[in-house]
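As structure tokens, the structure follows; a few thoughts come after it.
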Amino acid sequence: MIRFEQVTKRYPDGTTAVNDLSFEVAEGELVTLVGPSGCGKTTTMKMVNRLIEPTSGRILLDGEDIAAADPVRLRRRIGYVIQQVGLFPHRTVLDNTATVPRLLGRPRKAVRERAAELLDLVGLDPAVYGDRYPDQLSGGQRQRVGVARALAADPPVLLMDEPFGAVDPVVRERLQNEFLKLQATLRKTVLFVTHDLEEAVRLGDRIAVYGQGTIEQFDAPAAVLGAP
Ligand code: ADP
Ligand code: ADP
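Residues in the sequence shown are numbered from 2 upward in steps of one, following the working numbering.
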């Protein structure tokens, strides 16, 4: 589904963020990228939706070189959730969730119904929270809206960059568990960045353990934990 072939990214200032990276993620697989700050995880993610272009190498999505894909159409196939989800402050939770499908011109009523369903799926009762504004939510609730919004266009691929990193440990654990439940039914192809090994192990079907700009190990959680 996602395939990196010898991908290197060098920033204009000379920093090599990722070096000769090759790996493959299967359809419906949740891969966690784990490692210390600055090892190239975010750069890896941003190359998948072409926020950043590789210096060399290729990235294939469903066998297709993404360098040849139209970035706008590409991003419709890829949901993106980051740590500080940027919700529109002057739109309600429901409208925030419905933003993308509405931009795509889908019918208004169907879009609202689907947005309400998605809010429910991420554990926010739309009847209670749908008409609130982002500043009337807790941090954990805002992250839930971010997940619902990313799912609204029904993308086969989800990129999640420390989506639960900004909430306290108790809330984080709840979000993790609910996300696992959601993923068990939705079976998206997910790249999930975290610097927390425990989170990587709990969520990942496989774990990509980063060193400086490279993946040092790419394996199932048990194998990663059992490694010397
Ligand atoms: P991580 O997500 O693992 O924290 P990043 O992918 O953000 O790592 O960064 C990898 C390396 O690239 C770091 O050394 C970082 O300082 C550098 N880097 C990231 N973005 C840029 C940029 N726009 N310009 C120059 N260097 C960058
Ligand atoms: P979480 O466990 O999701 O982080 P919090 O403990 O932060 O939740 O918040 C508890 C409750 O308080 C939530 O139901 C949330 O809706 C409500 N709440 C938090 N901040 C605000 C606010 N600024 N205005 C109204 N309600 C709020």
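Beta carbons: idealized from backbone N, C-alpha and C, even for Gly.
Just so you know, these numbers come straight off a predicted model, no measurement behind them.
What do you reckon, is the C-beta of residue i under 8 Å from a heavy atom of ligand 1?
i: Asp197; result: no
i: Thr16; result: yes
i: Tyr211; result: yes
i: Lys42; result: yes
i: Tyr12; result: yes
i: Gly36; result: yes
i: Val19; result: yes
i: Thr45; result: yes
i: Val49; result: no
i: Val194; result: yes
i: Gly39; result: yes
i: Gly214; result: yes
Using DSSP bridges, identify the partner residues of residue i.
i: Gly80; result: Leu159
i: Thr9; result: Ser57
i: Val35; result: Thr195, Val210
i: Ile216; result: Tyr211
i: Glu65; result: Leu62
i: Glu25; result: Arg4
i: Thr190; result: Val158
i: Val19; result: Lys10
Classify residue i: buried if its beta carbon has 16 or more other beta carbons within 10 angstroms, exposed otherwise.
i: Gln137; result: exposed
i: Pro170; result: exposed
i: Tyr12; result: exposed
i: Phe89; result: exposed
i: Lys42; result: buried
i: Leu31; result: buried
i: Gln85; result: exposed
i: Thr33; result: buried
i: Ile168; result: According to the sequence shown, residue 168 is Val rather than Ile. Buried, since its Cβ has 16 or more Cβ neighbours within 10 Å.
i: Gln7; result: exposed
i: Asn50; result: buried
i: Leu105; result: exposed
i: Pro72; result: exposed
i: Asp162; result: buried
i: Gly212; result: exposed
i: Ala223; result: exposed
Is the CB of residue i under 9 Å away from at least one CB in chain C?
i: Pro102; result: In the structure shown, chain C cannot be found, because there is only a single protein chain.
If I'm right that residue i touches residue j with Cβ under 8 Å, what's the distance once you round it to whole angstroms?
i: Val26; j: Ile3; result: 4 Å
i: Thr215; j: Leu22; result: 7 Å
i: Pro127; j: Ala117; result: 4 Å
i: Gly141; j: Leu176; result: 6 Å
i: Gly29; j: Arg203; result: Contact doesn't hold; Cβ gap of about 18 Å is too wide.
i: Ile83; j: Pro164; result: 7 Å
i: Leu1; j: Leu119; result: Because residue 1 is not part of the residues shown, which for the chain are 2 to 229, the question remains open.
Looking at C-beta atoms only, is the number of pairs between the stretch 55-67 and the stretch 200-219 that lie closer than 8 Å three or more? no
Pair every Cβ in the stretch 34-51 with every Cβ in the stretch 179-199, then say whether three or more of these pairs are closer than 8 Å. yes
Tell me, please, whether the stretch 90-97 touches the stretch 124-142 by the rule of three or more beta-carbon pairs shorter than 8 Å. yes
Across the stretch 65-78 and the stretch 116-123, are there enough close Cβ pairs to call them in contact, namely three or more that are closer than 8 Å? no
Inter-stretch contact (C-beta, 8 Å, three-pair minimum) for the stretch 4-23 and the stretch 160-179: no
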